[in-house]
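One structure is given here, and the rest of the page talks about it.
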Amino acid sequence: MTRLMTREGSLQPSLAAACDVGEKNLVSWWDASFLANSTAPDNVMMPPALLCALLGSGVMLAFATPLSSPLFADFEDEDEYAELSGPDVEDVEKAFRRFQEGALAHSDGLSSVIKIAGLPGIFDVSRNLAHLRPRPPQSVDPHFLVYTNIGQAAAPTDAPPREPVLRLRHDEDFGAAAKHVAKDRALYFVVHGYRSKGTAQWVQRIKDEILALEEATVVVVDWSTASRVKNYSVAAASTRTVARLAAKLVKELVDAGRLTPSRVHYIGHSLGAQAGGFFGQDVQSMTGTKVGRITGLDPAGPMFEYFDAYLRKEHADFVDIIHTSMGMGFNFVRGRLGMTKSAGHVDFYPNGGRQQPGCRPFGRLDCSHSRATLYYANSIRTCSYPTQRCDNYRAYRSHRCTPCDQGACGVMGHNASSELRGKHYLSISSVYPHCPGAASTQTASIVLLLSSLASVAIRFASRS
1 MTRLMTREGS LQPSLAAACD VGEKNLVSWW DASFLANSTA PDNVMMPPAL LCALLGSGVM
61 LAFATPLSSP LFADFEDEDE YAELSGPDVE DVEKAFRRFQ EGALAHSDGL SSVIKIAGLP
121 GIFDVSRNLA HLRPRPPQSV DPHFLVYTNI GQAAAPTDAP PREPVLRLRH DEDFGAAAKH
181 VAKDRALYFV VHGYRSKGTA QWVQRIKDEI LALEEATVVV VDWSTASRVK NYSVAAASTR
241 TVARLAAKLV KELVDAGRLT PSRVHYIGHS LGAQAGGFFG QDVQSMTGTK VGRITGLDPA
301 GPMFEYFDAY LRKEHADFVD IIHTSMGMGF NFVRGRLGMT KSAGHVDFYP NGGRQQPGCR
361 PFGRLDCSHS RATLYYANSI RTCSYPTQRC DNYRAYRSHR CTPCDQGACG VMGHNASSEL
421 RGKHYLSISS VYPHCPGAAS TQTASIVLLL SSLASVAIRF ASRS
């Protein structure tokens, strides 16, 4: 048995070598779980491999992360909006490791600026973007599906248009969309992520909810030809192609006098959220004006955050980000797919931004990652998600946040105020449809710990 950690939270180097987890994650777990417990032992004795197995599986972090009440969460809806298989998530991790180790080292000899046939302008592929060289549009083959209720005799209803009024491929006349856009109405883009598609349930629901609420035009960007390839790094690079073509559509509408960029609201999930950053940059470069809003739904972390190439507040007049599976390390067993950095004007952290209610440690690996899409869809008409500005989740749980009367409170999602700033936290109910809920006690997390230990022990034994 090897001593790994003392009560003061010191970490022996052997653990860092044994685990591909970060010291920060382990210390954070220790601090959250045991240091606050007056009955905690002075020393914890555990084989490094077993502790690594526990950490890698997410059990320890699940133990440290409170669940919403009631005690036994409802897991029946775990598959809703989840889209990635175990091998898909493992491919994400492999791509991250591969490029983390080699991309920067091999980029020095490459040209820093390139042109891609069929795409306007040039692309920066310098060091931190060398691994994201855009692919030709015919390889990505994005389709722009235009839905609108503008000009209809009746007001918006619960039965929005099911079929697009226009389908555009990358090589078709984008000017054809002009007649379906009104200068005094919003233009929305809804963009899916890795292994997803434009007909995904969450994409269609967000589109339908918006058109049931207001007169607007919604463009669903279906880039599934590239997003569904069995290669995360190829899909990640394709986001720049998707973004450039979406920006080209905006430019055509602006030139036609049918749109002002301030009325554009881009909503993207995972890789689609990171495409939003490139989209914002491209629109500003093409039109000289920023788009009004970009909403990032758990933006993908792998191949973006580490390289400092991610959605941030400079990309739009207002950038709001919802974090639901954050964590550097991207261990596929934990299903940590989202970025950690606070990069927007406001960053929302439901349940601390990590494991979400209704998502089991050994259930769907992208369950928490997909929850951002559910929360956003809910926020349009189903739920109101009140938030409070706070330094961190522990302070939020301890009610040590900036008072609401100092302008520190708001709502997460579609109706978020563009005046919000900083990190905002909230608790989510474990009961479907996962509207706001009071946080539960540590006991609920212990239930998850005990229910998962047997499976982890079996995995550990099989490695011995």
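In terms of UniProt numbering, the sequence shown opens at residue 1 and continues consecutively.
For each residue, glycine too, the CB sits at the ideal point set by N, CA and C.
1) Return the CA-CA distance between Gly407 and Glu163, expressed in angstroms with no decimal places.
2) From Ser233 to Ala159, what distance separates their C-alpha atoms?
3) Give the list of continuous alpha helix (DSSP H) stretches no shorter than 4 residues that lie fully inside the region 118-148.
4) Could you spell out the range, first to last residue, of the alpha helix (DSSP H) harbouring Thr217?
5) Out of curiosity, what's the CA-to-CA distance linking Asp138 and His170?
6) Given Lys183, which residues of its chain have a CB within under 8 angstroms of its CB, disregarding the five upstream and five downstream residues?
7) Using beta-carbon positions only, say whether Leu132 and Ala247 come within less than 8 angstroms of one another.
8) Taking the CB atoms as reference points, tell me whether Gly268 and His315 lie closer together than 8 angstroms.
9) Using a 10 Å radius around the Cβ and a threshold of 16 neighbouring Cβ atoms, would you call Lys115 buried or exposed?
10) Along the chain, where does the alpha helix (DSSP H) that runs through Ile206 open and close?
11) Is the beta carbon of Thr217 closer than 8 angstroms to that of Thr148?
12) DSSP on Ala273, reduced to helix/strand/coil?
13) Gly352 to Tyr393, Cα distance in whole Å?
14) For Asp255, does the three-state DSSP call read helix, strand or coil?
15) For the region 112-128 and the region 196-216, state whether three or more C-beta atom pairs, one from each stretch, are separated by less than 8 angstroms.
16) With Ile321 as the anchor, note down where its beta strand (DSSP E) starts and where it stops.
17) Do you know whose CA, among Gly276, Thr287, Ile150, lies nearest Lys313's CA?
18) Which parts of the region 349-411 are runs of the alpha helix (DSSP H), unbroken and 4 residues or longer, counting only runs that do not cross its ends?
19) Would you be able to state if there are at least three C-beta pairs under 8 angstroms between the region 375-388 and the region 409-416?
20) Just how far apart, CA to CA, sit Ala343 and Asp320?
21) Among Leu145, Ile380, Val190, Lys251, which one has its Cα closest to the Cα of Leu271?
22) By the three-class DSSP mapping on this structure, what secondary structure does Gly198 have?
23) So the beta strand (DSSP E) Ile150 belongs to, where does it begin and stop?
24) Quick one, are the C-beta atoms of Thr382 and Pro433 less than 8 angstroms apart?
25) Let me know the secondary structure DSSP gives His434 once reduced to three states.
26) Straight-line CA distance for Glu305 to Gly296?
27) Which whole-angstrom value is the C-beta distance of His180 and Val146, which I expect to be below 8 angstroms?
28) Compare the Cα-Cα distances from Lys423 to each of His414, Ser368, His345 and report the closest residue.
29) When the distance is taken between beta carbons, is Pro357 closer than 8 angstroms to Ser417?
30) Which residues in the same chain have their Cβ closer than 6 angstroms to the Cβ of residue 467, if we skip the five residues on either side of it in sequence?
31) Would you call the CB atoms of Phe360 and Gly327 closer than 8 angstroms?
32) Can you grab the Cα-Cα spacing for the pair Met303 / Asn128, in whole Å?
33) Is Phe304 helix, strand or coil when you go by DSSP?
34) Report the three-state DSSP secondary structure of Thr260 (helix, strand or coil).
35) Using DSSP bridges, identify the partner residues of Gly296.
36) Would Arg244 pass as an interface residue toward chain B - the criterion being a Cβ-Cβ separation below 8 angstroms?
Taking the structure as given:
1) By one-based count along the sequence shown, residue 407 stands at place 407. By one-based count along the sequence shown, residue 163 stands at place 163. Gly407 and Glu163: Cα-Cα distance of roughly 42 angstroms.
2) By 1-based counting over the sequence shown, the position of residue 233 is 233. By 1-based counting over the sequence shown, the position of residue 159 is 159. Straight-line measurement puts the Cα of Ala159 at about 38 angstroms from the Cα of Ser233.
3) Runs of the alpha helix (DSSP H) inside the region 118-148: 137-140.
4) Here residue 217 refers to the residue found at position 217 of the sequence shown. Counting along the chain, no alpha helix (DSSP H) covers Thr217; the unbroken beta strand (DSSP E) around it starts and ends at 216-222.
5) Locating residue 138 in the sequence shown gives position 138, counting from the first residue. Locating residue 170 in the sequence shown gives position 170, counting from the first residue. Per the sequence shown, the amino acid found at residue 138 is Gln instead of Asp. Computed Cα separation, rounded: 8 angstroms.
6) By one-based count along the sequence shown, residue 183 stands at place 183. Its chain contains Gly257, Arg258, Leu259, Thr260, Arg263 as the residues whose beta carbon lies nearer than 8 angstroms to that of Lys183, once the 5 sequence neighbours on both sides are disregarded; these appear in chain order.
7) Translated into positions along the sequence shown, residue 132 becomes position 132. Translated into positions along the sequence shown, residue 247 becomes position 247. No.
8) Here residue 268 is taken as the residue at index 268 of the sequence shown, counted from 1. Here residue 315 is taken as the residue at index 315 of the sequence shown, counted from 1. The answer is no: Cβ separation not under 8 angstroms.
9) Numbered from 1 along the sequence shown, position 115 holds the residue referred to as residue 115. Exposed is the call here.
10) Residue 206 sits at position 206 when you count from the first residue of the sequence shown. Residues 201-213.
11) In the sequence shown, residue 148 corresponds to position 148, counting from 1. In the sequence shown, residue 217 corresponds to position 217, counting from 1. In this structure, Thr148 places its C-beta atom within 8 angstroms of the C-beta atom of Thr217.
12) Taking the sequence shown and counting its residues from 1, the one referred to as residue 273 is at position 273. Reduced to three states, the DSSP call for Ala273 is helix.
13) Taking the sequence shown and counting its residues from 1, one reaches residue 352 at position 352. Taking the sequence shown and counting its residues from 1, one reaches residue 393 at position 393. Rounded to whole angstroms, Gly352 to Tyr393 spans 5 angstroms at the Cα level.
14) For the purposes of this step, residue 255 is identified with residue 255 of the sequence shown, where counting begins at 1. Of the three classes helix, strand and coil, the one that applies to Asp255 here is helix, per DSSP.
15) By the Cβ rule, the region 112-128 does not count as touching the region 196-216, because fewer than three pairs are nearer than 8 angstroms.
16) Taking the first residue of the sequence shown as 1, we reach residue 321 at position 321. Boundaries of the beta strand (DSSP E) around Ile321: 316-322.
17) Walking along the sequence shown from the start, residue 313 turns up at place 313. Closest in C-alpha terms to Lys313, from the list Gly276, Thr287, Ile150, comes Gly276.
18) DSSP assignment within the region 349-411 yields the following whole alpha helix (DSSP H) runs of 4 residues or more, N-terminal first: 367-381, 393-397.
19) Here the region 409-416 lies against the region 375-388, with 3 or more beta-carbon pairs under 8 angstroms apart.
20) Here residue 343 corresponds to residue number 343 of the sequence shown, with the count starting at 1. Here residue 320 corresponds to residue number 320 of the sequence shown, with the count starting at 1. In a straight line, the C-alpha of Ala343 is about 9 angstroms away from that of Asp320.
21) Here residue 271 refers to the residue found at position 271 of the sequence shown. Closest option to Leu271, Cα to Cα, is Val190.
22) Numbered from its first residue, the sequence shown carries residue 198 at position 198. Residue state for Gly198 is assigned as coil, using DSSP reduced to three classes.
23) Sequence index remark: in the sequence shown, residue 150 carries index 150 (1-based). The continuous stretches of beta strand (DSSP E) do not include Ile150, and DSSP gives it neither H nor E.
24) Taking the sequence shown and counting its residues from 1, the one referred to as residue 382 is at position 382. Taking the sequence shown and counting its residues from 1, the one referred to as residue 433 is at position 433. Against a cut-off of 8 angstroms, the Cβ pair of Pro433 and Thr382 comes out as a contact.
25) Taking the sequence shown and counting its residues from 1, the one referred to as residue 434 is at position 434. Of the three classes helix, strand and coil, the one that applies to His434 here is coil, per DSSP.
26) To locate residue 305, count along the sequence shown from 1; it is residue 305. To locate residue 296, count along the sequence shown from 1; it is residue 296. Between the alpha carbons of Glu305 and Gly296 lies a distance of about 14 angstroms.
27) As a position in the sequence shown, residue 180 is number 180, starting the count at 1. As a position in the sequence shown, residue 146 is number 146, starting the count at 1. Between His180 and Val146, the beta carbon gap of about 5 angstroms places them in contact (Cβ cut-off 8 angstroms).
28) Here residue 423 corresponds to residue number 423 of the sequence shown, with the count starting at 1. Nearest option by C-alpha distance: His345.
29) By one-based count along the sequence shown, residue 417 stands at place 417. By one-based count along the sequence shown, residue 357 stands at place 357. Between Ser417 and Pro357, the C-beta spacing is not below 8 angstroms.
30) One cannot answer for residue 467 here, as it falls past the ends of the chain, which runs 1 to 464.
31) Residue numbering aside, residue 360 sits at position 360 when the sequence shown is read from its first letter. Residue numbering aside, residue 327 sits at position 327 when the sequence shown is read from its first letter. The sequence shown places Arg at residue 360, rather than the Phe named in the question. The answer is no: Cβ separation not under 8 angstroms.
32) To locate residue 303, count along the sequence shown from 1; it is residue 303. To locate residue 128, count along the sequence shown from 1; it is residue 128. Straight-line Cα distance between these residues: approximately 10 angstroms.
33) Translated into the one-based positions of the sequence shown, residue 304 becomes position 304. Phe304 falls in the coil class under three-state DSSP.
34) Taking the first residue of the sequence shown as position 1, residue 260 is located at position 260. Note: Thr260 maps to coil in three-state DSSP.
35) For the purposes of this step, residue 296 is taken as residue 296 along the sequence shown, with counting starting at 1. Under DSSP, Gly296 shares a beta bridge with Gly268, Ile321.
36) Absent from the structure: chain B. Only one protein chain is present.
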